[in-house]
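Q: Here the working numbering is used: position 37 in the sequence shown is 40, and no number is missing along the way.
From the three backbone atoms N, C-alpha and C, an ideal C-beta is built for every residue, glycine too.
First, the structure itself, so that you have it in front of you.
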Amino acid sequence: MATENEKEDLLLLDKQLCFPLYACARKVVAAYHPFLKALGLTYTQYVTMMVIWEKKEISVHELGDILYLDSGTLTPVLKKLEGFGYIERHRSTIDERVVEARLTEKGQAFKEEVSKVPEQMRCYLRERNLNFTPDEITAFKGELYKMLDHLV
């Protein structure tokens, strides 16, 4: 049985796994901000476009699953991207209950502008002496995805 001190120790911030993940995620997203702001995008719009560039056309439900976003978060993002002319939303011809997002020509052309962001982030990290090797990045992402897979 845990003593009172041991129970209290479990509530120390530095004993938590969640806090460094939370703080790091906030810092990483904030680091993207100036690069994305110059393009008129938020981080959520950026990752949404990444999936749409890859898939070309995707159901909104599947897009939400991939990005771990609920429809209440995703719908305004898609509405904004549609307003920019980067995507179109339409009902599926197979099942009209399904809404799909499709990449437009303007959205495809925009990919060229956005393609500089990953290199900008690599430079940003190098400037801060965060020189991760490809193997370290792969291992770290693997651990994060393992957590995501088990927490969903």
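Please check the pair V120 and F38, which I expect to be a contact at CB under 8 Å, by giving their CB distance rounded to whole angstroms.
A: Going by Cβ atoms, the distance from V120 to F38 rounds to 5 Å, so yes, they are a contact pair.
Q: Run the CB neighbour count on G166, radius 10 Å, all protein chains shown included, and call it buried at 16 or more, exposed below.
A: The displayed coordinates of the chain run from 4 to 155. Any statement about residue 166 would go beyond what the structure contains.
Q: Tell me whether A33 sits in a helix, a strand or coil according to DSSP, three-state version.
A: Note: A33 maps to helix in three-state DSSP.
Q: Mark A41 as exposed unless 16 or more other C-beta atoms lie within 10 angstroms of its C-beta, in which case mark it buried.
A: That one is exposed.
Q: Look up A142 in the DSSP assignment and say whether it is helix, strand or coil.
A: Correct three-state label for A142: helix.
Q: Give the range of the alpha helix (DSSP H) segment to which A112 is assigned.
A: Per DSSP, A112 belongs to the alpha helix (DSSP H) from E108 to V117.
Q: Specify the secondary structure class of S62 as computed by DSSP and reduced to three states.
A: In the structure shown, S62 sits in a strand (DSSP, three-state: E or B).
Q: Among A26, V50 and V31, whose alpha-carbon lies nearest the alpha-carbon of M124?
A: For M124, the nearest C-alpha among the options comes from V31.
Q: Taking the beta strand (DSSP E) that R94 falls in, what are its first and last residues?
A: Looking at the DSSP string, the run of the beta strand (DSSP E) that includes R94 is I90 to R94.
Q: Can you check which of these residues, Q48, Y148 and D12, is closest to F113 by C-alpha distance?
A: Closest option to F113, Cα to Cα, is Q48.
Q: From the DSSP secondary-structure annotation, give me the bridge partner or partners of R105.
A: R105 pairs with E60 and E91.
Q: DSSP on Y71, reduced to helix/strand/coil?
A: In this structure, Y71 counts as coil in the three-state DSSP scheme.
Q: Would you kindly report the start and end of the unbroken alpha helix (DSSP H) that includes L15?
A: Careful: L15 lies outside any alpha helix (DSSP H) and carries neither H nor E.
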